[in-house]
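One structure is given here, and the rest of the page talks about it.
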Amino acid sequence: MRDEAVRFRDLQALPTLNSARLVGGGAGLDTVVREVEIVEPEAVMTAELPPAALIVLPFGDTDGPIHQEHLLDLMLRRAHLAKVCAIIVTGHHSEIATATRRLADKFAIPTLVAPDRLPALPLAVHLRTVVHEPRVERSRILHALTSRLRTHGEKLDQIVTCLATTLDAAATACTAQGAVLSGGEPATPVPDIVSSRTLCSFKTGDTSIAVLPVSGLAGSAALWVAVERAGAGALWRGTAELCLSVAHGPLLAWLAREQLTAERDARLRGTLLAEILEHGGAVTSAVAEQAAMAGWELAGWHVGLHFRLSHSAGLSTFTVDTLARELAAAQLFPGPLVERADGWSTWITSPQAVPADHAHKVAGKLTRALKAFRDRRSGVTVAAGVGSPQRDASGIATTLAEARQAAVIAASSGDGMAVRVVQDLGASRLLLGWYSSSAFRDYAGQILRPLLDTRDKDLIATLEAYLDRSCSAMQTGRVLGIHRNTVSQRMARAEKLLGLSLSQADTRLAVQLALRALRTSDLPTRTR
Amino acid sequence: MLRPMYLNAADVEVLALGCTFLGAGGGGSVAAAAPLLRHTLEVNGTLPVVSASALDPDARVACVGAVGSSTVMLERLPSGVELAAAVRALERHTGTRFQALQPLEIGGVNGLLGLVAASRLGLPAIDGDAMGRAYPRLDHTVLMGVVPASPLALADAGGDVMLVDSAGDRSVERLVRAVLPAMGAWAAVCLHAGTAGQYARHAVPASVSRALTLGRAWTGRRREDGADFLAAAQARLVFTGTVLEIRRTRSATEISGVISLGHACEEDRSMRIDFANEYVAAFDDGVPVSTAPDITCVLDARTWEPVSVERLAVQQRVRVIRLPAPETLRRPHPGRLDLGLRGYGMAEVGTEARP
């Protein structure tokens with residue numbers, strides 16, 4: 001059960017006291033407040049002070065004496081003796097003297113100077129309501145949020161702004177990869193935020209934070225919305241959780257719309273691309289028009305790009321969006337990415353003939369962009385291929401096919417991030433047919449089945465490294481950090497399992513090709 | 529005290545010191561008037577200082593002093609002529625000769641100027657004053673509501689004399705402040721013309737003697753901890769510490785502010801001193817330990833010399849002492865302004881929390 005006791009920190013976090021200054025007694029911020037009393041200046045020495053009360057001391061009555069600040073010192077002393085929990089001064093303009101601040105600190109009585117012109121009576125009534133009926137205050141805030149969402153609850157930015165305004169906090173919406181979709185960069189580390197699986201709130205240092213994961217169409221959380229506020233207490237966190245659950249509906253609706261639109265666009269683009277690839281130079285004017293509207297150029301010199309992405313925990317809806325943003329940041333402006341069977345394709349168009357090293361320049365920028373992309377998202381592996389420059393609509397099919405081949409080769413390298421340009425592929429292009437042929441993949445699966453069934457990843461990795469290192473046990477051991485005898489032992493085991501001898505050149509070639517084919521598509525590891 | 533006391537030039541130093549203590553950090557520097565009084569006494573001989581009750585109850589008496597900026601007075605020094613001119617002007621106007629003169633205010637420079645006037649005019653001085661300490665306003669006197677402040681005479685160093693024939697006690701301060709700029713920021717004033725009987729009943733008695741006692745107690749102190757001085761002065765040491773902060777607020781009409789002190793030994797103990805022209809109230813960790821009309825004095829921790837409001841500096845090591853106010857300042861009287869915190873525009877503290 002949640003602790004419903006209101007602490008001074010909770011009251012300080014109320015929007016009413018937003019611009020109030022805490023002049024001392026910070027050590028007592030977490031004291032429970034049980035009562036709120038107004039004590040008029042003339043009653044400072046006589047008023048009864050209930051224990052655990054918050055005292056509102058209204059200064060600045062125009063009929064009274066001009067100087068009243070010293071009464072705060074008297075009040076602090078009495079408050080200390082009566083175990084009062086905090087003091088709020090209203091109607092005070094000037095700075096509070098050091099002696100008074102020290103006194104508040106000594107007694108650990110939080111002393112707040114309320115903003116100018118904040119009348120004491122409504123303030124006291126408001127605070128009393130919060131202290132005695134925190135639910136009333138919560139309802140007020142929820143009501144305010146609901147009214148705001150009713151008029152501004154359609155776009156993500158609007159929803160986030162509504163949350164920020166209502167809760168008087170910093171609000172942010174981010175993806176699992178840490179890309180901020182709306183609001184500012186959160187103060188809490190993004191991994192802490194996206195590790196939340198359900199609506200929750202917690203505290204890191206002085207910052208209170210409430211997090212709502214929003215599930216996408218696939219069922220897993222795709223969007224995290226967090227509200228943060230420094231110095232706020234448990235009451236605020238509770239309210240923030242409620243506000244987030246109110247905002248859950250609009251957020252869900254937004255996410256669903258967004259994903260559906262993306263899906264529809266993807267399908268449209270897919271059809272469009274098929275049309276372009278099929279008809280090449282003879283696309284109809286309607287298709288050309290649609291392509292232009294989708295953001296693709298058909299005339300000019302094109303360089304195809306193809307990306308193969310994978311992630312251990314599955315890819316988020318926003319991964320491709322983020323990739324597109326990263327490309328733009330690296331000064332690469334391709335048309336929209338379109339999903340294909342084995343990845344995403346697009347192309348960059350230049351109106352004039354391009355120099356010979358154009359594809360390499362593109363590859364350089366691409367490498368930078370993908371590095372940045374991977375730096376922010378751990379666990380994503382990405383392989384990219386760059387095609388050669390080709391002219392006009394008829395060339396698109398060619399450059400895209402090349403880019404796709406290059407991407408396959410890049411993926412076969414086994415690195416977390418690899419970029420290959422088709423012109424550099426040379427002899428390895430010859431092997432492409434093997435890698436991508438489904439017949440060979442089946443055959444590779446058959447050859448390697450005994451090895452795969454053991455599910456011994458080390459054994460497969462050692463075998464792969466051994467073949468790549470010209471069958472040198474010493475070099476393989478060095479690369480993998482194991483003893484060469486271990487390598488030899490493992491190879492003996494692999495030979496036994498496979499029922500083949502690696503001393504035969506043909507066998508070695510077949511096994512190495514089979515392993516490459518497997519790595520290029522992880523299909524056989526999934527099928528049992 | 530029926531036998532008169534005689535004051536001579538040798539007493540001026542201790543008297544000036546006593547007046548500084550009674551000034552509670554304000555009242556103007558005695559440096560402007562001490563040499564003048566010494567010189568006047570050297571020229572005119574010893575000055576008899578008598579109790580008002582020792583005089584004929586019908587004897588005509590008045591208060592003399594200066595009003596205006598004491599800072600300007602250090603530049604445009606008083607000569608004594610202006611004081612005599614103010615007294616003579618009031619005598620001419622009222623058609624009577626005064627038989628004795630009383631200092632208007634014992635705290636600060638005015639404690640000495642009243643005696644300068646008496647000595648110059650060959651009149652005895654009354655051992656008393658109208659304030660019992662220093663106050664920033666002309667109407668902060670115990671004679672208000674007893675002896676009308678007007679008619680009053682103002683005279684400046686340039687020889688200009690001004691008479692206020694009739695002014696309500698509430699208007700005096702306002703009128704005089706209005707003409708001061710034209711008279712060179714400060715002027716000699718002679719007011720509260722009345723009888724010795726009235727003065728005996730209502731003025732603060734034995735102020736000059738008190739100043740002398742205080743001065744002698746200070747110069748005669750022998751002990752490092754000042755216990756002998758405090759006992760002789762009937763003072764109480766309320767705090768020893770370092771000035772942490774001085775917050776001054778200057779408006780067109782008043783000086784005010786707050787001093788924060790940290791205790792010399794207890795790290796988290798602090799004192800707050802509210803001040804105007806004088807130190808007004810001192811609070812030790814929220815306990816009022818010295819509030820007007822009691823006289824709060826801030827002394828240098830090492831030399832025990834009183835430090836005025838305007839000379840106090842951050843990081844200075846000081847001692848704060850309380851001198852009890854004359855009893856009459858606490859007694860309310862119809863027509864008299866509040867001489868406590870309220871007189872300084874501060875909210876009253878009440879009595880309950882007195883330790």
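Here the protein sequences come in this chain order: A and B.
All residue numbers for the first sequence refer to my numbering, where the first residue is 1 and numbers rise by one.
All residue numbers for the second sequence refer to my numbering, where the first residue is 529 and numbers rise by one.
Glycine residues also receive a C-beta, built at the ideal position from the N, C-alpha and C atoms.
Worksheet item: Name the DSSP beta bridge partners of residue 807(B), please?
Response: 803(B)
Practice prompt. Kindly indicate if chain A contains any beta-carbon less than 8 angstroms away from that of residue 554(B).
Written response: no
Item to complete: Using a Cβ-Cβ cut-off of less than 9 angstroms, list which residues of the segment 13 to 35 of chain A approach chain B; keep chain order.
Response: none
Worksheet item: From residue 391(A) to residue 152(A), what distance separates their C-alpha atoms?
Response: 47 angstroms
Worksheet item: Using a Cβ cut-off of 8 angstroms, which residues of the segment 42 to 63 of chain A contact any Cβ in chain B, in chain order?
Response: 42, 44, 45 and 46
Worksheet item: Mind checking if residue 2(A) is an interface residue toward chain B, Cβ cutoff 8 angstroms exclusive?
Response: Residue confidence for residue 2(A) is low, a pLDDT of 48 falling below 50, so the modelled location carries little weight; the figure read from the coordinates is stated next. Closer than 8 angstroms: no.
Item to complete: Report yes if the CB atom of residue 801(B) is closer than 8 angstroms to the CB atom of residue 815(B), and no otherwise.
Response: no
Worksheet item: Is the segment 446 to 461 of chain A touching the segment 484 to 498 of chain A in the sense that three or more CB pairs, one from each, lie closer than 8 angstroms?
Response: yes
Item to complete: Express the C-alpha separation of residue 515(A) and residue 487(A) in angstroms, rounding to a whole number.
Response: 17 angstroms
Worksheet item: For residue 353(A), which three-state DSSP category applies?
Response: coil
Discussion item. I'd like the list of long-range same chain contacts for residue 862(B), defined as Cβ closer than 8 angstroms, with 5 residues on each side in sequence excluded.
Written reply: 673
Worksheet item: Among 328(A), 342(A), 388(A) and 409(A), which one has its Cα closest to the Cα of residue 365(A)?
Response: 328(A)
Discussion item. By the 9 angstroms beta-carbon criterion, what residues does the segment 863 to 880 of chain B contribute toward chain A?
Written reply: 869, 870, 872, 873, 874, 875, 876, 877, 878, 879 and 880
Discussion item. For the segment 95 to 116 of chain A, list every residue whose C-beta sits within 7 angstroms of some C-beta in chain B, in sequence order.
Written reply: 95, 97, 98, 99, 100, 102, 103 and 106
Worksheet item: Under the rule that 16 or more other beta-carbon atoms within 10 Å means buried, what is residue 534(B), buried or exposed?
Response: exposed
Discussion item. Against residue 799(B), what residues of chain A qualify as contacts under a CB-to-CB distance less than 8 angstroms, listed in chain order?
Written reply: 99
Worksheet item: Should residue 571(B) be labelled buried (16 or more other beta-carbon atoms within 10 Å of its own) or exposed?
Response: exposed
Worksheet item: Considering residue 224(A), what are the terminal residues of the alpha helix (DSSP H) in which it resides?
Response: Where residue 224(A) is concerned, there is no enclosing alpha helix (DSSP H), although the beta strand (DSSP E) it sits in stretches over 221 to 230.
Practice prompt. Could you name the residues of the same chain whose beta carbon sits closer than 7 angstroms to that of residue 2(A), not counting the 5 residues immediately before and after it, in chain order?
Written response: Note that residue 2(A) has pLDDT 48, beneath the 50 cutoff, so the model's placement of it is unreliable and no number is given.
Worksheet item: What are the boundary residues of the beta strand (DSSP E) that residue 816(B) is part of?
Response: 815 to 819
Worksheet item: So does residue 762(B) have its beta carbon nearer than 7 angstroms to some heavy atom of the ligand HEM?
Response: The ligand content of the structure shown is nil, which means the ligand HEM is not present either.
Worksheet item: Going by C-alpha distance, which of 383(A), 490(A), 22(A) and 311(A) is nearest residue 369(A)?
Response: 383(A)
Worksheet item: For the 8 angstroms Cβ check, are there 3 or more pairs between the segment 342 to 356 of chain A and the segment 275 to 283 of chain A?
Response: no
Fill in: is_contact[residue 815(B), chain A] using C-beta, thresh 8 angstroms
yes
Worksheet entry | Other residues of its chain near residue 833(B): CB distance less than 7 angstroms, five sequence neighbours each side excluded | 827
Item to complete: Inspect the CB distances between the segment 71 to 79 of chain A and the segment 769 to 784 of chain B and report whether three or more fall short of 8 angstroms.
Response: no
Fill in: Presumed contact (8 angstroms Cβ cut-off) between residue 419(A) and residue 386(A), rounded CB distance
7 angstroms
Discussion item. Is residue 9(A) close to chain B? Criterion is C-beta to C-beta, closer than 8 angstroms.
Written reply: no
Discussion item. With a threshold of 8 angstroms between beta carbons, is residue 93(A) in contact with chain B?
Written reply: no
Practice prompt. Would you decide whether residue 257(A) is buried or exposed? Buried here means 16 or more other CB atoms lie within 10 Å of its CB.
Written response: exposed
Discussion item. Can you tell me which residues form a DSSP beta bridge with residue 417(A)?
Written reply: 382(A)
Item to complete: Go through its chain and collect everything with a Cβ distance to residue 58(A)'s Cβ below 6 angstroms, but skip five positions before and after it.
Response: 90, 91 and 120
Practice prompt. Within its chain, find whatever has a CB closer than 8 angstroms to the CB of residue 646(B); leave out the 5 residues flanking it on each side and keep chain order.
Written response: 575, 592, 628, 629, 652 and 653
Item to complete: Look at the alpha carbon of residue 739(B) and the alpha carbon of residue 540(B), and state the distance between them as a whole number of angstroms.
Response: 11 angstroms
Worksheet item: Along the segment 74 to 86 of chain A, what residues have a CB closer than 7 angstroms to any CB found in chain B?
Response: 74, 76 and 77
Worksheet item: With distances taken from CA atoms, which of 561(B), 581(B), 599(B) and 569(B) is nearest residue 837(B)?
Response: 599(B)
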